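2 protein chains.
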Amino acid sequence: MKQPPEISISRVAVYLRFLEDYLKENGPQSTINSSQLAKFLNINHHQIRKDLSYFGKFGEPGVGYRADELKERISKILGLRKKWNLCLCGLGNLGSALFAYKGFKVMNLNIVAIFDSNPRKIGRTINQVKVYDPANMQGVIDKMGVNMAIIAVPTEAAQDTVDKLVRSDVRAILNFAPIKLSIPAGVKLRNVDLATELINLTYFLSSSA
Amino acid sequence: MKQPPEISISRVAVYLRFLEDYLKENGPQSTINSSQLAKFLNINHHQIRKDLSYFGKFGEPGVGYRADELKERISKILGLRKKWNLCLCGLGNLGSALFAYKGFKVMNLNIVAIFDSNPRKIGRTINQVKVYDPANMQGVIDKMGVNMAIIAVPTEAAQDTVDKLVRSDVRAILNFAPIKLSIPAGVKLRNVDLATELINLTYFLSSSA
DNA sequence: TGATGTGAATTTTTTCACAGCA
DNA sequence: TGCTGTGAAAAAATTCACATCA
Chain B
306 MKQPPEISIS RVAVYLRFLE DYLKENGPQS TINSSQLAKF LNINHHQIRK DLSYFGKFGE
366 PGVGYRADEL KERISKILGL RKKWNLCLCG LGNLGSALFA YKGFKVMNLN IVAIFDSNPR
426 KIGRTINQVK VYDPANMQGV IDKMGVNMAI IAVPTEAAQD TVDKLVRSDV RAILNFAPIK
486 LSIPAGVKLR NVDLATELIN LTYFLSSSA
Chain U
306 MKQPPEISIS RVAVYLRFLE DYLKENGPQS TINSSQLAKF LNINHHQIRK DLSYFGKFGE
366 PGVGYRADEL KERISKILGL RKKWNLCLCG LGNLGSALFA YKGFKVMNLN IVAIFDSNPR
426 KIGRTINQVK VYDPANMQGV IDKMGVNMAI IAVPTEAAQD TVDKLVRSDV RAILNFAPIK
486 LSIPAGVKLR NVDLATELIN LTYFLSSSA
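Chains as they are written, first to last, in the numbering used here: chain B, 306 to 514; chain U, 306 to 514.
In structure tokens form, the structure reads like this:
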């Protein structure tokens, strides 16, 4: 059982999301096998079993998986049984949207602090969450027990923000700025770039036209 | 020169984004070589050259790349020299945010129509863009010349939305719903799932604690 | 029998090493 | 000399095939 590749972790997260819906429709006693799951998710069944095998044994030969058990165990493995405290850096267009997005809370991911350098925003409270001056980042992060961060600041402020976060001991960061940030070892950074995703599509349309 | 892998297309899009900034700072005559670019972007220089090699020859041995020429040629290859008309499906939290997000327009990506099934939203106009009833999708898409779509509807409505889009001849779709959608061959679909990205981080923190 | 879990084979992606050009 | 572009090597991910177990 080797260290799971990052991409398997992502897929297992997708399996988990699916299982939640599946359980609601089919009841807590339901079972599912890798071929059914593969069909629903539009991928191949070898991959599902291989992905799961990095994390342990979950099924019964000849039967499949107990859906509720699989869900619970994956959920635990992915670290979703405990609550996480996030800070959101940048309360512009994107930051505001991410704050409003309901998909996080469901997963025990709670934004507990917001940082924005705009003096007009600092001090405001939105849905019980306060907007702080980035200059006070370290103190706020300590006080609130923040363990993850979302970067939604303008590109030119992103590296500075990540440096501040790292100095405040945040070790897991999701970055929306279209730039590859430098981080020290031991810190995990994931990037989401919306425009880049769309460019894959424009290339597809242009090259297949 | 083989078909470029999807991941190379994504990276080349990142190179393009960087070159735009680089040109602003260093002037239109500036050059850059793969090692410099690699350093800035925090990746390795072999990869940059390999990625570019899928698309053609761009540099001068012993010198590097003319930044403006590289930018222009990449931009053309990625299909960003023409204007694209997008429709946004779903004007909830996330949809509203995506609509407000300024990173798209810069890349010639324009949202020209919005679909939302909420009767209170249908008929409204936001920033010159009208909100339409999804029932009229095909007609609107034809009329507005929509060639790409963004799906930001609730998960349970996503497959239905994609089916409608496909029937309306949209062949490139960016999906934010946490579900693997079924599409026919010839249609390109990319998925962005924000919660899944964060789950990679919770796994990292849990397993390294 | 029917499905899992996993080594092995295959394919893809990344990294390397170097020929060739300015 | 210095850097590009690319075939080859290495590494990683995906797919396959099958032993194994209920």
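Cβ coordinates follow ideal geometry from the N, Cα and C atoms, glycine included. The structure presented is a predicted model; accordingly, all values stated were derived computationally and were not measured.
- Annotation for U:F404: no beta strand (DSSP E) segment contains it, though the alpha helix (DSSP H) segment containing it runs 398 to 405.
- The criterion of a C-beta distance shorter than 8 Å is not satisfied by U:G444 and U:V436.
- Rounded to the nearest whole angstrom, the CA to CA distance from B:V417 to B:K387 is 15 Å.
- Here U:S339 is buried: its Cβ has 16 or more other Cβ atoms, across all protein chains shown, within 10 Å.
- For the region 318 to 333 of chain U, residues whose beta-carbon sits nearer than 9 Å to a beta-carbon of chain B comprise A318, V319, L321, R322, F323, D326.
- With a cutoff of 8 Å on beta-carbon distance, U:V434 and U:I419 are scored as near each other.
- Of all residues in the region 497 to 508 of chain B, those with a C-beta nearer than 8 Å to a C-beta of chain U are V497, D498, L499, A500, T501, E502, L503, I504, N505, L506, T507, Y508, reading in chain order.
- Shown here, B:G369 sits in a strand according to DSSP, grouped into three states.
- Counting C-beta pairs with one atom in each stretch, the region 468 to 485 of chain U and the region 405 to 417 of chain U have fewer than three that are closer than 8 Å, which means they do not touch.
- The alpha-carbon separation between B:N441 and B:L499 amounts to approximately 29 Å.
- In the DSSP assignment, U:A463 forms no beta bridge with any residue.
- Taking the C-beta atoms as reference points, B:K376 is found no nearer than 8 Å to B:L346.
- In the DSSP assignment, U:R316 falls within the alpha helix (DSSP H) that extends over 311 to 331.
- Among the CB atoms of chain U, none fall inside 8 Å of the CB of B:I446.
- Taking a C-beta distance under 8 Å as the contact criterion, U:L510 and B:N452 qualify as a contact pair.
- A distance of 8 Å or more separates the beta carbons of B:L385 and U:I484.
- Residues of the region 335 to 368 of chain U whose Cβ lies closer than 9 Å to any Cβ of chain B, in chain order: F345, L346, N347, I348.
- In this structure, U:A457 and U:C392 do not form a Cβ contact; the two beta carbons are roughly 11 Å apart against a cut-off of 8 Å.
- With a beta-carbon spacing of about 7 Å, U:L383 and U:L321 fall inside the 8 Å limit used to define contacts.
- For the pair of segments examined, the region 361 to 373 of chain U was found not to touch the region 364 to 373 of chain B: the number of CB pairs separated by less than 8 Å stays below three.
- Uninterrupted alpha helix (DSSP H) stretches at least 4 residues long and entirely within the region 391 to 453 of chain B occur at 398 to 405, 442 to 449, given in chain order.
- Counting only Cβ-Cβ distances below 9 Å, B:G384 has contacts in chain U at I504, L506, T507, Y508, F509, L510, S511, S512, A514, in chain order.
- Cβ proximity to chain U below 8 Å picks out nothing from the region 417 to 434 of chain B.
- In chain order, A500, L503, I504, T507 make up the part of chain B whose C-beta sits under 9 Å from the C-beta of U:M412.
- Nearest C-alpha to U:R378 among U:V492, U:G361, U:N398: U:G361.
- Scanning chain B for C-beta atoms nearer than 8 Å to the C-beta of U:P483 yields V319, R322, G408, reported in chain order.
- B:K493: member of the beta strand (DSSP E) spanning 493 to 496, first to last residue.
- For U:I314, the residues of chain B that pass the 8 Å Cβ criterion are I504, N505, Y508, in the order they occur in the chain.
- CA-CA distance, U:W389 to U:N413, rounds to 6 Å.
- B:L375 is outside the set of residues whose beta carbon lies under 8 Å from a beta carbon in chain U.
- For B:A402, the nearest CB of chain U lies under 8 Å from its own CB, placing it at the interface with that chain.
- In this structure, the alpha-carbon of U:V319 lies about 47 Å from that of B:Q334.
- Sixteen is the threshold: when 16 or more other Cβ atoms of the shown chains lie within 10 Å of the Cβ of U:S401, as they do, the residue is buried.
- Less than 8 Å divides the Cβ of B:R316 from the Cβ of B:D356.
- At a C-beta separation below 7 Å, B:A405 has these neighbours in chain U: N398.
- Judged by DSSP secondary structure, B:L503 falls outside any beta strand (DSSP E) and instead within the alpha helix (DSSP H) spanning 499 to 512.
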